[in-house]
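S.K.:
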Amino acid sequence: MITENASLKPAARRRLNLGKYAGFFLVLPSIIAVGIFVYGFIAWSVRVSLSQWKGLTPDYTFVGLKNYINLFSDPRFMVDIRNTVIFTLVFVLGSLTIGLTLAILLDQHLPGEAFFRSLFLFPMAISFIVTGVVWRWMLNPAITADRLSGFNLLFHNLGLDFLINQWHLTPTWGIAAVALAAIWQMSGYTMALYLGGLRAVPDELREAARVDGASELQVYRRIILPMLWPVTLSAVIILGHISLKVFDLIIAVAGKQLPLDVPAIYMWQTTFDGLFYGRGASIGILLLISVAVLIIPYLYYSLRSGGES
Amino acid sequence: MNIKKVTWGVLSILILFSLILSACGGGEEATPAETAAPEEATAPPEATGKQVEVFSWWTGGGEAAGLDAMIVVFKAQNPDVEFINSAVAGGAGTNARAVLATRLSQNQPPDSWQGHAGQELIGTYVKDQKIEPLNFLYEEQGWLDIMPATLIPLISQDGNIYSVPVNIHRANVLWSNPAVLEANGVTTAPTNLEEWFAAMDTLQAAGVIPLAMGEQWTAMHLMETILLASLGPEAYNGLWDGTTDWGSPEVKTGLENYAKALGYTNTDAGSLSWQDASQLVVDGKAAYNVMGDWAQGFFQELGKQPNTDYGWAPVPGTSGTFQFLSDSFVLAVGAPHRDEAIAWLKVAGSKEGQDAFNPVKGSIPARSDADKTLYNVYLQSAMDDWASNTVVGSLAHGVVANDSWKSEIDTALGLFLADKNIDTFQAALVAACQSSGPCQ
């Protein structure tokens, strides 16, 4: 490299000048692509959501917020909101709890740490569809004795018959069973986030606390957990937006059935099966707003704190 | 370093542009095929490039085998045409139709696609001018004399015929397991809903699943047959042309009967496909299953014998009525390979094509001149009923309601399956007919 630079010195200087603009031109295709395919299509969706388009032929007749107002008196959309809230609570709290527990266990520097770290992280490498297909079998909701399978059969063979249940077909709370599959998939990832956070806590701090007579429990409660708050916030944002957009996992576990409906599935069905494009677009925009409510304050916070440091 | 960066940058921009150019080129290629036809004599021969893309949701069981058999006939008659089988998996075509809707809204239609005869075609594709009238083909091939007269109005609008029906299916079939019924003392076949419910009470008390059901669309299938049994063919037809009031006490009685029937179904219905549900009957785990007669092709594939492993009858209370649906193929407006698509439609409507497809799929031909000896004992009985019964259309399979109306009914049904509130359900059905059906 050095000899190359020395021999090409004048030419290299000219290229360096060019480099200033080259950076911009290199990014330009992505700027254009993002502008069209993200922001352009958001604008187009907003327009469709304010129209009465129904059927295969576009119809952009402006109807104001009618589609949105109708959604909030639509019993199916109420089911969607209920399911999203239950799914998000179970999934985020479950992943955080299990992720933090695993991270603290791994942080004890026991033998086999690398093995378990990979083991817990592996589910994240699988797509939600694959997870869904496997969990569909494990969560088999048949409860009659001759047709048990998956978890229900396991419970039966262990003599724990009282635990046999209908999983995702349980009225109202069925969506929580699907959230179990999501927890299985994402808690390893949450663990990795927390483990990074734990490793960032200086050993001196822990030792200082111990010298001052703090018990191990107090070290975690007073020193380490408060220092993990930024990690928890990131994890909540990442898990939360996955949860708001969930679609493939539910389809894979349970197919399209209304008790497990979420906004993304309603959007798809009403648009492509029912050809209600206006309604479908307004569900899409509501989804976007709900994710934005979660993400934008976070971006604001992290950009500001990034600027200060 | 900089040299490398710039080189890579230039390379990637070149690749990007070549991708864009090739994408545009792909789009342009499609249009000349359409306009080139008159110039064929002067144009250089392109014998190797002939193809036809046919879109369907036949990917498994007797359906895929039947399609394959018909493709063999097509290839024998058109050896130089490449057949592109664009089938998308998913029960009753729910996934396939989402894909198709996207392609059509982007004006990239397949040459021909499968559609249920009736409002699914007329209400959606004809209204938006996505398919061509086929009267010329019917006249040229003499199909008007050979296909049933009752079928033609259902696939036509304003005198234009829009699709080529390949087969006729029956929706209102009650499949049963003779051994399970006999073991539990159900020896006489029920002839109306009351007798059927009484028989299912006996079976439920004996610990057998009286009625196997699967995911949500099979629940809609059950609903339409029970509405037909409760209302009779005339009032049932009136539901779809606006002459029967969805809010009437008769419809309410029908919905109450439906709610009662749901009480006999397996608790895990929501997690089963139609195949899973039908298989419960031939495996002896359930006594009855209401499913279209494509179940018979599935039973054949499982190696089950008619009358010993499974029995059939019209759904109690619907005897003398043939609740039908028909798979048919259409010609896309702007089909990239129009001549080859017409060749495909000729095969689909021919005696040879239909007799290749139907015995395997487990359906009866739409033509009346088919060779009866090719068909098994169930299909022969269905052919007799098709010729003699009152014909009504199916809801779950696109004959009687357009897509939007059907999807609103499906939503109302899904909510009903969860809360079992008949009054809310009926009100939602009235609203669905007003917003997307013929009711004012």
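Chains as they are written, first to last, in the numbering used here: chain A, 1 to 309; chain B, 310 to 749. Just so it is clear, CB atoms sit at the ideal spot from N, CA and C, and this is done for glycine as well.
To the nearest angstrom, report how far apart N165 (chain A) and F151 (chain A) are at their CA atoms.
M.R.: As a first step, residue 165 (chain A) must be located in the first sequence, where it is residue number 165. As a first step, residue 151 (chain A) must be located in the first sequence, where it is residue number 151. The C-alpha of N165 (chain A) lies about 9 Å from the C-alpha of F151 (chain A).
S.K.: Could you work out which residue in B:P674, B:A650, B:E649 is closest to E661 (chain B) when comparing CA atoms only?
M.R.: As a position in the second sequence, residue 661 (chain B) is number 352, starting the count at 1. Out of B:P674, B:A650, B:E649, B:P674 has the C-alpha closest to the C-alpha of E661 (chain B).
S.K.: Give the list of continuous alpha helix (DSSP H) stretches no shorter than 4 residues that lie fully inside the stretch 115 to 191 of chain A.
M.R.: 128 to 138, 151 to 157
S.K.: Between the stretch 170 to 190 of chain A and the stretch 267 to 279 of chain A, are three or more C-beta pairs nearer than 8 Å?
M.R.: no
S.K.: Please list the partners that A736 (chain B) has in chain A, where partner means a Cβ-to-Cβ separation under 8 Å.
M.R.: In the second sequence, the residue the question calls residue 736 (chain B) occupies position 427. Neighbours of A736 (chain B) on chain A: none; closest Cβ ~11 Å, over 8 Å.
S.K.: I'd like the list of long-range same chain contacts for L121 (chain A), defined as Cβ closer than 8 Å, with 5 residues on each side in sequence excluded.
M.R.: Counting from 1 along the first sequence, the entry for residue 121 (chain A) is found at position 121. Here the set comprises G188, Y189, M191, A192.
S.K.: I'd like to know if Y301 (chain A) contacts chain B, where contact means its C-beta is closer than 9 Å to some C-beta of that chain.
M.R.: Mapped onto the first sequence, residue 301 (chain A) falls at position 301. So, not an interface residue.
S.K.: Rounded to whole angstroms, what's the CA-CA distance from E429 (chain B) to F633 (chain B)? Just pull it up for me.
M.R.: Within the second sequence, the letter at position 120 stands for residue 429 (chain B). Within the second sequence, the letter at position 324 stands for residue 633 (chain B). Taking the straight line from one Cα to the other gives about 14 Å.
S.K.: Beta carbon of D719 (chain B), beta carbon of W549 (chain B): below 9 Å?
M.R.: The residue you call residue 719 (chain B) lines up with position 410 of the second sequence. The residue you call residue 549 (chain B) lines up with position 240 of the second sequence. Not closer than 9 Å, so no.
S.K.: Hey, is R136 (chain A)'s beta-carbon within less than 9 Å of any beta-carbon in chain B?
M.R.: Sequence index remark: in the first sequence, residue 136 (chain A) carries index 136 (1-based). At a cut-off of 9 Å between C-beta atoms, R136 (chain A) counts as an interface residue with respect to chain B.
S.K.: Does the beta-carbon of I238 (chain A) have 16 or more other beta-carbons within 10 angstroms, so that it is buried, or is it exposed?
M.R.: For the purposes of this step, residue 238 (chain A) is taken as residue 238 along the first sequence, with counting starting at 1. So I238 (chain A) counts as buried.
S.K.: Let's see if you can read the secondary structure: which residues bound the alpha helix (DSSP H) around D664 (chain B)?
M.R.: Taking the second sequence and counting its residues from 1, one reaches residue 664 (chain B) at position 355. Per DSSP, D664 (chain B) belongs to the alpha helix (DSSP H) from 660 to 670.
S.K.: Locate the beta strand (DSSP E) running through Q386 (chain B), then write down its first and last residues.
M.R.: Working through the second sequence from its first residue, we reach residue 386 (chain B) at position 77. First-last for Q386 (chain B): 370 to 386, but that is the alpha helix (DSSP H), not the beta strand (DSSP E).
S.K.: Less than 9 Å between CB atoms is the rule here; does F272 (chain A) satisfy it with respect to chain B?
M.R.: Indexing the first sequence from 1 puts residue 272 (chain A) at position 272. Yes - at least one Cβ of chain B is within 9 Å of the one on F272 (chain A).
S.K.: May I have the straight-line CA-CA distance separating A209 (chain A) from E216 (chain A), to the nearest angstrom?
M.R.: Your numbering for residue 209 (chain A) matches position 209 in the first sequence. Your numbering for residue 216 (chain A) matches position 216 in the first sequence. Straight-line Cα distance between these residues: approximately 9 Å.
S.K.: Which residues, in order along the stretch 629 to 650 of chain B, keep a beta-carbon less than 8 Å from a beta-carbon of chain A?
M.R.: none
S.K.: Can Y619 (chain B) and N493 (chain B) be called in contact, C-beta distance under 9 Å?
M.R.: Translated into the one-based positions of the second sequence, residue 619 (chain B) becomes position 310. Translated into the one-based positions of the second sequence, residue 493 (chain B) becomes position 184. No, these two residues do not count as a Cβ contact at 9 Å.
S.K.: Ignore the nearest five residues each way along the sequence and tell me which others in E337 (chain B)'s own chain have a CB closer than 6 Å to its CB.
M.R.: Sequence index remark: in the second sequence, residue 337 (chain B) carries index 28 (1-based). Low confidence applies to E337 (chain B): its pLDDT is 33, below 50, so where it sits in the model is not reliable enough to give any reading.
S.K.: Determine the direct distance from the alpha carbon of G55 (chain A) to that of I651 (chain B), and round the result to whole angstroms.
M.R.: Here the question's residue 651 (chain B) lines up with position 342 in the second sequence. Here the question's residue 55 (chain A) lines up with position 55 in the first sequence. The C-alpha of G55 (chain A) is placed about 27 Å away from the C-alpha of I651 (chain B).
S.K.: Excluding the 5 residues flanking I143 (chain A) on each side, which residues of the same chain have their C-beta closer than 7 Å to its C-beta?
M.R.: Within the first sequence, numbered from 1, the residue matching residue 143 (chain A) stands at position 143. Excluding residues within five positions, the ones whose Cβ falls inside 7 Å are N152, I164, Q166.
S.K.: With distances taken Cα to Cα, identify the nearest neighbour of G572 (chain B) among B:G547, B:N546, B:M379, B:Q513.
M.R.: By one-based count along the second sequence, residue 572 (chain B) stands at place 263. It is B:Q513 whose Cα lies nearest to the Cα of G572 (chain B).
S.K.: Compute the distance between the beta-carbons of S99 (chain A) and M186 (chain A), then report whether it is under 9 Å.
M.R.: Within the first sequence, residue 99 (chain A) is the residue found at index 99, counting from 1. Within the first sequence, residue 186 (chain A) is the residue found at index 186, counting from 1. This sequence places Gly at residue 99 (chain A); Ser is not what is there. Their beta carbons are under 9 Å apart, which means G99 (chain A) touches M186 (chain A) by this criterion.
S.K.: Go through its chain and collect everything with a Cβ distance to A396 (chain B)'s Cβ below 6 Å, but skip five positions before and after it.
M.R.: Within the second sequence, residue 396 (chain B) is the residue found at index 87, counting from 1. Within the same chain, A396 (chain B) has close Cβ partners S365, W367, T368.
S.K.: Report yes or no: is there a C-beta of chain A within less than 9 Å of the C-beta of S703 (chain B)?
M.R.: Numbered from 1 along the second sequence, position 394 holds the residue referred to as residue 703 (chain B). No, S703 (chain B) lies away from the interface with chain A (no Cβ there is under 9 Å from its Cβ).
S.K.: Using a C-beta cutoff of 9 Å, does Q108 (chain A) count as contacting chain B?
M.R.: Position 108 of the first sequence holds residue 108 (chain A). No, its Cβ sits nowhere closer than 9 Å to a Cβ of chain B.
S.K.: Provide the residue span of the beta strand (DSSP E) that contains Q450 (chain B), from first to last.
M.R.: What you label residue 450 (chain B) is simply residue 141 of the second sequence in a count that begins at 1. For Q450 (chain B), no beta strand (DSSP E) run applies; the uninterrupted alpha helix (DSSP H) run containing it begins and ends at 444 to 450, by DSSP.
S.K.: Consult DSSP for L611 (chain B) and reduce its assignment to one of helix, strand or coil.
M.R.: One-based indexing of the second sequence puts residue 611 (chain B) at position 302. Coil.
S.K.: How about F506 (chain B) and K561 (chain B): do their beta carbons lie closer than 9 Å?
M.R.: The residue labelled residue 506 (chain B) in the question sits at position 197 within the second sequence. The residue labelled residue 561 (chain B) in the question sits at position 252 within the second sequence. Not closer than 9 Å, so no.
S.K.: Just by C-beta distance, which residues in the stretch 139 to 157 of chain A are closer than 9 Å to chain B?
M.R.: Taking a C-beta cut-off of 9 Å against chain B, the contacting residues of the stretch 139 to 157 of chain A are L139, N140, P141, A142, I143, T144, D146, R147, listed in chain order.
S.K.: Per DSSP, F364 (chain B) is paired with what?
M.R.: Mapped onto the second sequence, residue 364 (chain B) falls at position 55. Its beta-bridge partners are B:S395, B:W422.
S.K.: In terms of alpha-carbon separation, which member of B:G593, B:K436, B:A586 lies closest to G601 (chain B)?
M.R.: As a first step, residue 601 (chain B) must be located in the second sequence, where it is residue number 292. Nearest option by C-alpha distance: B:A586.
S.K.: Run through DSSP, which three-state label would F272 (chain A) get?
M.R.: By one-based count along the first sequence, residue 272 (chain A) stands at place 272. Three-state result, F272 (chain A): helix.
S.K.: What residue from B:W555, B:G606, B:N481 has the CA that sits closest to Y684 (chain B)'s CA?
M.R.: In the second sequence, counting from the first residue as 1, residue 684 (chain B) sits at position 375. Looking at the Cα atoms, B:G606 is the closest of the given residues.
S.K.: In angstroms, rounded to a whole number, what distance separates the CA positions of T131 (chain A) and A622 (chain B)?
M.R.: In the first sequence, residue 131 (chain A) corresponds to position 131, counting from 1. In the second sequence, residue 622 (chain B) corresponds to position 313, counting from 1. Their Cα atoms are separated by approximately 41 Å.
S.K.: Shorter than 9 Å from the beta carbon of K66 (chain A) to some beta carbon of chain B?
M.R.: Within the first sequence, residue 66 (chain A) is the residue found at index 66, counting from 1. Not an interface residue.
S.K.: Mind listing the chain A neighbours of T576 (chain B)? Cutoff is C-beta to C-beta under 9 Å, in chain order.
M.R.: For the purposes of this step, residue 576 (chain B) is identified with residue 267 of the second sequence, where counting begins at 1. P141, A142, I143, T144, Q166, L169, listed in chain order.
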